[in-house]
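All remarks here apply to the structure that follows.
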Amino acid sequence: KKLEDYVATLPVETKVLRTEKRSGLIRARLLGAKHVTGQVITFLDAHCECADGWLEPLLARIVLNRKTVVCPVIDVISDDTFEYVTASDMTWGGFNWKLNFRWYRVPQREMTRRNQDRTAPLRTPTMAGGLFSIDKDYFYELGSYDEGMDIWGGENLEMSFRIWMCGGILEISPCSHVGHVFRKSTPYTFPGGTSHIVNHNNARLAEVWMDEWKHFYYAINPGASNVEVGDVSERLALREKLKCKSFRWYLENIYPESQMPLDYYYLGEIKNVDSQQCLDTMSRKSGEKVGMSYCHGLGGNQVFAYTKRSQIMSDDNCLDASNIVGPVSLIRCHGLEGNQAWVYDSKEMTIKHKTTDQCLEHSMSADQYAAILNECDGSRSQQWTMKSNFHWQASSR
Numbered sequence: 001k002k003l004e005d006y007v008a009t010l011p012v013e014t015k016v017l018r019t020e021k022r023s024g025l026i027r028a029r030l031l032g033a034k035h036v037t038g039q040v041i042t043f044l045d046a047h048c049e050c051a052d053g054w055l056e057p058l059l060a061r062i063v064l065n066r067k068t069v070v071c072p073v074i075d076v077i078s079d080d081t082f083e084y085v086t087a088s089d090m091t092w093g094g095f096n097w098k099l100n101f102r103w104y105r106v107p108q109r110e111m112t113r114r115n116q117d118r119t120a121p122l123r124t125p126t127m128a129g130g131l132f133s134i135d136k137d138y139f140y141e142l143g144s145y146d147e148g149m150d151i152w153g154g155e156n157l158e159m160s161f162r163i164w165m166c167g168g169i170l171e172i173s174p175c176s177h178v179g180h181v182f183r184k185s186t187p188y189t190f191p192g193g194t195s196h197i198v199n200h201n202n203a204r205l206a207e208v209w210m211d212e213w214k215h216f217y218y219a220i221n222p223g224a225s226n227v228e229v230g231d232v233s234e235r236l237a238l239r240e241k242l243k244c245k246s247f248r249w250y251l252e253n254i255y256p257e258s259q260m261p262l263d264y265y266y267l268g269e270i271k272n273v274d275s276q277q278c279l280d281t282m283s284r285k286s287g288e289k290v291g292m293s294y295c296h297g298l299g300g301n302q303v304f305a306y307t308k309r310s311q312i313m314s315d316d317n318c319l320d321a322s323n324i325v326g327p328v329s330l331i332r333c334h335g336l337e338g339n340q341a342w343v344y345d346s347k348e349m350t351i352k353h354k355t356t357d358q359c360l361e362h363s364m365s366a367d368q369y370a371a372i373l374n375e376c377d378g379s380r381s382q383q384w385t386m387k388s389n390f391h392w393q394a395s396s397r
C-alpha cells in the first residue's frame, strides 16, 4: 500500500502490477510488458536512479530504426552510501567462456566506425540486461523473453545474441545515463541455488543459439550439462522463423574480439610428459601464476586454447612470461604477442616462448605446482602434449 500511495504522487501516471506469487524477473517483466500502452517498452531495474534527459536519446534511436535496442550508460550508485559515480562511456558488453557478462574496453574497430566520436551511439555485442528500451511490436516479433528461463541470469545474453543474429542492432547511448545500485550480494534466494538456475538458463541459451560452441561451453562448465534444460523446440522454431544467422557469424562480425575459440590449433588439456600433470588455472585471477595439477579430463580449469595468434589462453587470460626467472603467469590477453606469444613444436613437443626463446618447463624440483621458463635442453620436463578434447573444429568453414 505504501508503494501505491507513493506513485500516486508522481507527475506521470504510474501503475503498480503485482504477481500472485514469486515469479522471477523474466516473468515479472513479461507481465509488465503486457500492460504497456505506448509504442516503446523501457525496462529498468528497481534499484535505479535516472539522470536528467536520460530517455530522449534512447527513443531517438528507435525512431530512426525500430529494430534498434538501446541501453543507457549504467552509472554506479554505492550500496553503502548511495554516492553516484559516473561510469566510463568507453566500455561495452561482452562475455567470458562461462557465459558471464563482462564489461570490456571499446576496441579501436568500433571507434573507427564511430569516426572517433564518443557522443555517437556505441554498438555493443551484449547488454547487461537490466536497463534498455525496445519498440513494443519488435519486442514480441523478436520473441520477447524465453519463458523457460527462471529468475534471472543468462536472459541478457540470450536476448543480445537474438537481436544481432536475427537482424537487429544493439546499442549503448553515451548521452543517456542511469544510475544503478550494484549490490555486493543478492538479498534473496534462488530456488535450488544460484548456480542451478544460472546453469539451467545458460544451457537453454547454448542449446538454441550457440550451435557447435555449446559443446565447448559444457566442457568449460560441466555443471550446465547435467541440468534439465526443458523443451526448447519453440525457441528453435523462432530462430528458424526469423531466419537468424549462425553463432559463427556473430563471433566473426559482431564480436571478433571475443575470447570464444574461433581460430586455434588445439583446444583442450596441456599435459607435461615428465610429470604427467596438466596446466591448470586453479581458478586464479589475472596476475597470478598458472598452476599444475593431476589431469582429471573433465575440462573446466584445464581447458586451454592454443590460438593462431600464438596465444595459450584460458578465457580472458593468457600465459604470460615477463620474468624469465619467475613462474609463468596468467595475464589478461592483450593480443599484441610479446610476452604472450608461444610456439608449439609438435615434433619436439616443446612450447617455446617467442620473446626469450626459452622453453616452458614443469620442474618438480623447482616448484611442483608451477610452470616456469628455462633454457631449452630437450628434457622430458620441457615436453608437452596438446590434446584437443572436442569433436568439432570451430575454425573449419
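Residues in the sequence shown are numbered consecutively from 1, following UniProt numbering. Every residue gets a Cβ at the ideal spot worked out from N, C-alpha and C, and that includes glycine. Being a predicted model, the structure only gives us computed values, none of them experimental.
1) Which term fits residue 311, buried or exposed, when burial requires 16 or more other beta carbons within 10 angstroms of its beta carbon?
2) Measure the alpha-carbon distance for residue 120 versus residue 52 and round it to whole angstroms.
3) Got a sec, what are the start and stop residues for the alpha helix (DSSP H) residue 161 sits in?
4) Thinking residue 102 and residue 149 are a contact (beta carbons under 8 Å), I'd like their distance in whole angstroms, please.
5) Within 10 angstroms of its Cβ, does residue 396 collect 16 or more other Cβ (buried), or is it exposed?
6) Would you give the residue range spanned by the beta strand (DSSP E) that residue 103 belongs to?
7) Where residue 91 and residue 369 are concerned, what is the direct C-alpha to C-alpha distance, given to the nearest angstrom?
8) Please classify residue 324: does DSSP put it in a helix, a strand, or coil?
9) Could you give the first and the last residue of the continuous beta strand (DSSP E) run that contains residue 296?
10) Where does residue 285 fall in DSSP's three states?
11) Quick check: the Cα distance between residue 357 and residue 269, rounded to an integer number of angstroms?
12) Taking only three categories from DSSP, how would you classify residue 130?
13) Closest to residue 82 by CA distance: which of 179, 225, 295 and 214 is it?
14) In whole angstroms, what is the alpha-carbon distance linking residue 251 and residue 158?
15) Using a Cβ distance threshold of 8 Å, determine whether the region 135-153 contacts the region 4-17, with at least three qualifying pairs required.
16) Evaluate the contact criterion for the region 255-273 versus the region 284-291: three or more CB pairs, one atom per stretch, below 8 Å.
17) With contact counted as at least three CB pairs below 8 Å, one residue from each stretch, are the region 54-66 and the region 97-115 in contact?
18) Buried or exposed: which applies to residue 361, given that a residue is buried once 16 or more other Cβ atoms fall within 10 Å of its Cβ?
19) Going by alpha carbons, who is nearest to residue 231 out of 146, 340, 345 and 75?
20) Tell me whether residue 304 sits in a helix, a strand or coil according to DSSP, three-state version.
21) What residue does the beta strand (DSSP E) around residue 113 start on, and which one ends it?
22) Counting only runs that start and end within the region 41-98, where is the alpha helix (DSSP H) found for 4 or more residues in a row?
23) Taking the CB atoms as reference points, tell me whether residue 337 and residue 107 lie closer together than 8 Å.
24) Can you tell me the Cβ-Cβ gap for residue 264 and residue 306, rounded? I've got them flagged as a contact below 8 Å.
25) Going by beta-carbon coordinates alone, are residue 383 and residue 350 separated by less than 8 Å?
26) What do you get for residue 155, buried or exposed, if any count of 16 or more other CB atoms within 10 angstroms of its CB means buried?
27) Measure the Cβ-Cβ separation of residue 177 and residue 97 and say whether it is below 8 Å.
28) Can you list, in chain order, the residues of its chain whose CB lies under 7 Å from that of residue 39, leaving out five sequence neighbours each side?
29) What residue range is occupied by the uninterrupted alpha helix (DSSP H) comprising residue 200?
30) With distances taken Cα to Cα, identify the nearest neighbour of residue 372 among 380, 379 and 359.
31) Could you compute how far the alpha carbon of residue 241 sits from the alpha carbon of residue 144?
32) Is residue 121 helix, strand or coil when you go by DSSP?
33) Would you call residue 353 buried or exposed, if buried means 16 or more other Cβ atoms sit within 10 Å of its Cβ?
34) Compare the Cα-Cα distances from residue 94 to each of 63, 160 and 50 and report the closest residue.
Here's the rundown:
1) buried
2) 19 Å
3) 155-165
4) That belief does not hold up - the Cβ atoms of residue 102 and residue 149 are roughly 20 Å apart, past 8 Å.
5) With a pLDDT of 43 at residue 396, under the threshold of 50, the predicted position of this residue should be treated as unreliable, though the coordinate-derived value follows. Classification for residue 396: exposed.
6) 101-105
7) 36 Å
8) coil
9) Note, residue 296: premise wrong, no beta strand (DSSP E); not H, not E.
10) coil
11) 23 Å
12) coil
13) 179
14) 14 Å
15) no
16) no
17) no
18) buried
19) 146
20) strand
21) First-last for residue 113: 108-113, but that is the alpha helix (DSSP H), not the beta strand (DSSP E).
22) 56-64
23) no
24) 6 Å
25) yes
26) buried
27) no
28) 135 and 136
29) 194-209
30) 359
31) 14 Å
32) coil
33) buried
34) 160
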